[in-house]
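Protein sequences appear in the order of chains A, B, C and D. For reference, each letter of the first sequence is one residue, going 337 to 677 in my numbering. For reference, each letter of the second sequence is one residue, going 337 to 677 in my numbering. For reference, each letter of the third sequence is one residue, going 337 to 677 in my numbering. For reference, each letter of the fourth sequence is one residue, going 337 to 677 in my numbering. We put the beta carbon where it would ideally sit given N, CA and C, even for glycine. Given the structure is predicted, the values throughout are model-derived calculations rather than measurements. First up is the structure itself, then whatever we jot down about it.
Number of protein chains: 4
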Amino acid sequence: MTRAAILNVTGYAGAELARLLHSHPGVELVAVTGRAEAGKKLAEIFPHLRQIDLAVGERVDESVDLVFSALPHTSSAEGLIPFIRQGIPVVDLSADFRIKNSDTYRRFYGVDHPAPELLGGAVYGLPEVTRKPEQGARIVGNPGCYAAGALLALAPGVAAGLFGADIVIDGKSGISGAGRTLGQPYHFAEANDSVSAYAMEGEGHRHRPEIDQELGCLRGKTSKPVAFVPHLVPLTRGILTTVFAQVVRNVAQAELMDAYCSFYEGSTFVGVVESPPSTKQVAGTNNCLIHVRASDASGKAIVVSAIDNLGRGAAGQAVQNMNRVLGLPETMGLEQLALYP
Amino acid sequence: MTRAAILNVTGYAGAELARLLHSHPGVELVAVTGRAEAGKKLAEIFPHLRQIDLAVGERVDESVDLVFSALPHTSSAEGLIPFIRQGIPVVDLSADFRIKNSDTYRRFYGVDHPAPELLGGAVYGLPEVTRKPEQGARIVGNPGCYAAGALLALAPGVAAGLFGADIVIDGKSGISGAGRTLGQPYHFAEANDSVSAYAMEGEGHRHRPEIDQELGCLRGKTSKPVAFVPHLVPLTRGILTTVFAQVVRNVAQAELMDAYCSFYEGSTFVGVVESPPSTKQVAGTNNCLIHVRASDASGKAIVVSAIDNLGRGAAGQAVQNMNRVLGLPETMGLEQLALYP
Amino acid sequence: MTRAAILNVTGYAGAELARLLHSHPGVELVAVTGRAEAGKKLAEIFPHLRQIDLAVGERVDESVDLVFSALPHTSSAEGLIPFIRQGIPVVDLSADFRIKNSDTYRRFYGVDHPAPELLGGAVYGLPEVTRKPEQGARIVGNPGCYAAGALLALAPGVAAGLFGADIVIDGKSGISGAGRTLGQPYHFAEANDSVSAYAMEGEGHRHRPEIDQELGCLRGKTSKPVAFVPHLVPLTRGILTTVFAQVVRNVAQAELMDAYCSFYEGSTFVGVVESPPSTKQVAGTNNCLIHVRASDASGKAIVVSAIDNLGRGAAGQAVQNMNRVLGLPETMGLEQLALYP
Amino acid sequence: MTRAAILNVTGYAGAELARLLHSHPGVELVAVTGRAEAGKKLAEIFPHLRQIDLAVGERVDESVDLVFSALPHTSSAEGLIPFIRQGIPVVDLSADFRIKNSDTYRRFYGVDHPAPELLGGAVYGLPEVTRKPEQGARIVGNPGCYAAGALLALAPGVAAGLFGADIVIDGKSGISGAGRTLGQPYHFAEANDSVSAYAMEGEGHRHRPEIDQELGCLRGKTSKPVAFVPHLVPLTRGILTTVFAQVVRNVAQAELMDAYCSFYEGSTFVGVVESPPSTKQVAGTNNCLIHVRASDASGKAIVVSAIDNLGRGAAGQAVQNMNRVLGLPETMGLEQLALYP
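Now the structure itself:
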């Protein structure tokens, strides 16, 4: 059994990781941290995890085989460095190992990267798109939740050369995406029965540069940035991403479907479906459902993807990445069907 | 006192109209119809309207001064024809008097327009954009809810010549937009805690041709159709519309703000605000809050508008149109502040 | 025009009061306070109030005719004392002037009452039940939200001598009842799609002694305390209260209906309805809808009442109380119909 | 591998059963029916079940080892009779095998029981309370969702002789409890942001006689009926049950906790917790969380239980019952942790 640890289990991504690892047949969760709650039993903080008999610690000693970090950016890299130095593989759910370019990191996160020398050794772990990580990888940057939804929606069209540079991404996220920390916009009375856009000022949302970076990899060249606006919608879990991509030529529905179906052929997690998906259909899973619509008179192809922001957008993706790093079957521990309705 | 009637009061738009007219100081609601519920007191169907002492009738005799119709398309024009023939002004909340071109109507609604000869005499009633209706107008087509949100967001930029032909509209509507009629996607257990796109097949959503028509009027020429995808979000009332408009040249934030503020100068209902609005801030009103963001590296200006789909998207707009037709102050009966939180 | 002020406008009850007073024809809102946000325009804090041109101040000078306080308990009495001393009438939305007995206050609120000598001059303002305040009253204690819902449901049965001492009250409140202050249970991701009981430890919820006090007044004697459990339900506004009252003898449905209808005869705000009400039917209003069910084999009569916790449970009730104090028509400024759906 | 079938997979309970059986290591789901959708692939109706490769049939042939029925009452017994006749064990999620007394059945369900002669051979399957079914049982009546929540909350106190005959039950259910069938109260725009009581007329809710029957078994005698009111709360899954039980003598908190903890000792599914539970903490599971509060001045002990109405209230309970009938470990296939938040 692989012995795994979670740094910062006390947020929603950390708790979801604990939930998934608890029923993973190949991994044992042996240590969890969470500074503000150190000393408490996990069950005190999260009654739904009362079957997991672990106390929250202040730190993880190094006798573990793999470490997940759900710490905030900067703290996350700092927390992971000791493990990386020891050769212990890490899966980082923060932004610290997503962006290859440390200038971009500084521009979007407002701080210097704590360990830019490690960026070259990190891989962006969105396996269906990046074919990474491979077994034995040491540093995996887990995608941002919006980036995961957008890249899964865009990759087949971009890889097939059907989509041009003009790309609009409208992201709609459930409130758990904002984390467990309190904030006025996440107060139930403010968020309930309402919808709003956010992160419109300045450079826009921090997940945009990831999208640009990975689309550039697929294209083999950089291109103009995507237009991206994230929205808060009143649900707990889920991201629906609607992308509008200028096509390079007229593309029929059947051709677009073919491009998407063959790109995701053999993928257990990604389904290309005949009707627009709803986020409820993937709740609690690492799945992504995608629906495509051929270009029309507006010259745009439209693709919609549905993921669970805590599943494919965080903890589910992290477990998939762990499975690949460890050489386990990619779907191990991720076979649960969505909790619908 | 103007004597007004509502055809089909038993849907959400009709009930909201009754609510607004009840507190309108210049109008008396004297008759309401609703075939399936004819004979019942309004209070039996809608306990929140128990202060309105009216029974639902099968028809309205013609001794009224103005008629609203909240009937479905086709039935609506048919129901209004007798009043139009008598010279009684009508405000139609259905699609029947929105589209000027009866071929377009047939293409999007799948039926022949019941009275194409009346289309020329109808005006599209979105006053801040169309400067219509004028006092004494006889046939007012009330905009579709998505069209209202999109046109209010786009009009200043298009009218100022800042926006090119490439326009993407992402609409997010509360479930009351689907009406009071039952349907699987509107069952609470399906819609709650979920978000989805719809109307992606074929020609797309029926509100698109209205948007294209009115943008053409603003531009003085037709252009390529907009790309538009509507979404169901789990709230009762509200539409948030996010538009991504290709700019014809680089436009600074201040210039874009100026264009929007001067376009809506003097408007009581439309506010251009410094932060992205939420739909909750306009619930129960005829208001529209708009936030703009200048073009960035993606070459897009982004505009977000928030309306109440039953207010500005239906009944509130209808009352504003009635006020204009009757020569009353435009805001009469519409001064309520939004019900927040 | 009466000149009114609100102490602490920045919570939900204060903001709702501002909303109601803005459209009240007999009152002008001239000053609002809110320490943390002092100096800001009201519109900056609450975009839905942008039509109210007032800045938040640190204090209210005494040139006002009536003062509302939405301050927390203790601070509220302290803030109101200067006005009371000057003979300016006050309506207090906090608990400070609800409880007659300062020992009970200390037991439930954990502090000494800041001005016990004023309690004798205060009236409990639930007019349909207490027939108070009368014109010219100087200190009005506005009921707690749960107490308002429970007392309106119980009063007719208790006053008619039909209900014995054994009373169970199950209260279900929307999240705005917890105020605008942040707290983990009110985070959207925690509260959404969930329901829970609270305040079960120790003496129970602080609104219980109000209920016992006022039932004692109706009975003309004290009795054993009611059993009361409050619950958080995932809605923004609304309290549904279900009371189970042991009947003193078998009571038929018609007799119970008669008792309720005659008790509330002539009341504009309270409706005794034929079907169980939903909170949505009173959203945004000072109304209360009540449904009764005669005793059955269990020996209990069951009464359900629906109110808006920010309306009848706070700001609406405060305006009704103000109207009575000032000798204005009781319904002035409170005629709006509920925002349904 | 046991070969299992589901009659009427197309409702929420049926779909949840399919979800659970898909990941059950000891059972293979081999056939599902659903008249209106017969011929469709399960994935067409329920995209979240697309990993289950089964088509919906019109009937199940008898080469199965166990049959679940999620048919409506009456149809359910009729549908199960052929299997019962063949000696195939059945777990019935309808009401048909819950009530022992066929007169009571007629009174509450308005029809004659289709096979009263089978009632004697049926067991009420709430194992922690009824210690049934045992291995080899042939007919299991799965409890009603409200009954499950109420009985789990009441059983220890009743069994210990602490609770008298005076019992009040306030049930709060998510909307999926009403099934997948459409109805005006379950329309999102009606149910969202609202709460209401229902089933208050006549004899009250149909789950009440089950509760009375099973409490009578625990007491060893019948007693006066409980008072029970069910409520609709705006969540998808979950029932919170609040019971107020007259105590026979003063009972301290520690004694009550002891009674509950020892009653549920060794139970994996039921947890007695220190804080009031929320339904979210059990979503997607067969678990029940219970919180007790000793009798106070009102003379009532108060107990709150949280279950998932589709889990412990339907499909989870059915799988637990199946496990017992087949002699499998009771928790097999039910180890998933709750989907929180």
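With the rule of 3 Cβ pairs closer than 8 Å, the segment 343-357 of chain B counts as touching the segment 395-407 of chain B. Under a 10 Å Cβ-count criterion, C/Gly602 is classified as exposed, with fewer than 16 other Cβ atoms of the shown protein chains found around its own Cβ. Excluding its 5 nearest sequence neighbours in each direction, C/Lys508 has C-beta neighbours in its own chain below 6 Å: His567, Val569, Leu576, listed in chain order.
For C/His384, no beta strand (DSSP E) encloses it, and the DSSP letter there is neither H nor E.
From the beta-carbon of C/Pro570, the residues of chain D found nearer than 8 Å are Val569, Pro570, Leu571.
The beta carbon of D/Glu364 does not come within 8 Å of any beta carbon belonging to chain A, so the residue lies off that interface. Using a CB distance cut-off of 8 Å, B/Gly635 counts as an interface residue toward chain A.
Interface annotation for the segment 593-619 of chain C against chain A: empty, criterion Cβ-Cβ distance under 9 Å. Counting only residues of its own chain and dropping the five nearest sequence neighbours on each side, A/Ala527 has a CB closer than 8 Å to the CB of Ile511, Pro521, Leu568, Pro570.
By the criterion of at least three beta-carbon pairs nearer than 8 Å, the segment 640-648 of chain A is in contact with the segment 615-632 of chain A. Scanning the segment 353-428 of chain D from its first residue to its last, the whole alpha helix (DSSP H) runs of 4-plus residues come out as 378-381, 411-421.
Pairwise C-beta distances place the segment 498-508 of chain B in contact with the segment 558-565 of chain B, as three or more of them are shorter than 8 Å.
In the DSSP assignment, the residues bridged to D/Arg629 are D/Ile638. A/Leu455 and A/Gly649 have their C-alpha atoms some 21 Å from each other. Using a Cβ-Cβ distance cut-off of 8 Å, the segment 592-607 of chain A and the segment 479-497 of chain A are in contact, since at least three pairs of beta carbons, one from each stretch, lie closer than that value. Collapsing the DSSP output to three states places B/Gln653 in a helix. Here B/Thr615 is buried. Its C-beta has 16 or more other C-beta atoms within 10 Å. About 33 Å separates the beta carbons of A/Asp439 and A/Ala340, which is beyond the 8 Å limit, so they are not a contact pair. Counting every other CB atom within 10 Å of its CB across the protein chains shown gives B/Val427 a total of 16 or more, marking it as buried. DSSP places B/Phe599 inside the alpha helix (DSSP H), whose first and last residues are 589-599. Membership of B/Thr346 in any alpha helix (DSSP H) is not indicated, and neither H nor E is assigned to it by DSSP. Among the residues of chain C, those whose CB is under 7 Å from the CB of B/His384 are Gln617, Leu673, Ala674, Tyr676, following chain order. Check the Cα spacing between A/Met593 and each of A/Leu675, A/Asp389, A/Ala489, A/Ala674: the tightest is with A/Ala489. Taken atom to atom, the span from the alpha-carbon of C/Pro452 to that of C/Pro479 is near 18 Å. In terms of Cα proximity to C/Gly669, the closest of C/Thr621, C/Asp389, C/Arg371 is C/Thr621. In summary, the residues of the segment 526-537 of chain A whose CB is separated from some CB of chain D by less than 8 Å are Asn528, Asp529, in the order they occur in the chain. CA-to-CA, the gap between D/Arg516 and B/His360 works out to about 40 Å.
The continuous beta strand (DSSP E) containing D/Pro566 extends over residues 563-568. Excluding residues up to 5 positions away in sequence, nothing lies with its Cβ nearer than 6 Å to the Cβ of B/Gly375 in the same chain. In the DSSP secondary-structure assignment, C/Tyr460 is bridged to C/Gly477. By the Cβ criterion, the segment 525-544 of chain A is not in contact with the segment 462-474 of chain A, since fewer than three pairs of Cβ atoms, one from each stretch, lie closer than 8 Å. For the set C/Leu518, C/Ile381, C/Ala525, C/Arg555, the Cα lying nearest the Cα of C/Ala391 is the one of C/Ile381.
In terms of CA proximity to B/Pro612, A/Ser530 leads the group A/Thr369, A/Ser530, A/Pro561. Inter-residue distance for B/Pro677 and C/Asn586 is about 43 Å (C-alpha atoms, whole angstroms).
The C-beta of D/Asn659 has 16 or more other C-beta atoms within 10 Å across all chains shown, which makes the residue buried. The DSSP-derived three-state label of A/Thr577 is strand.
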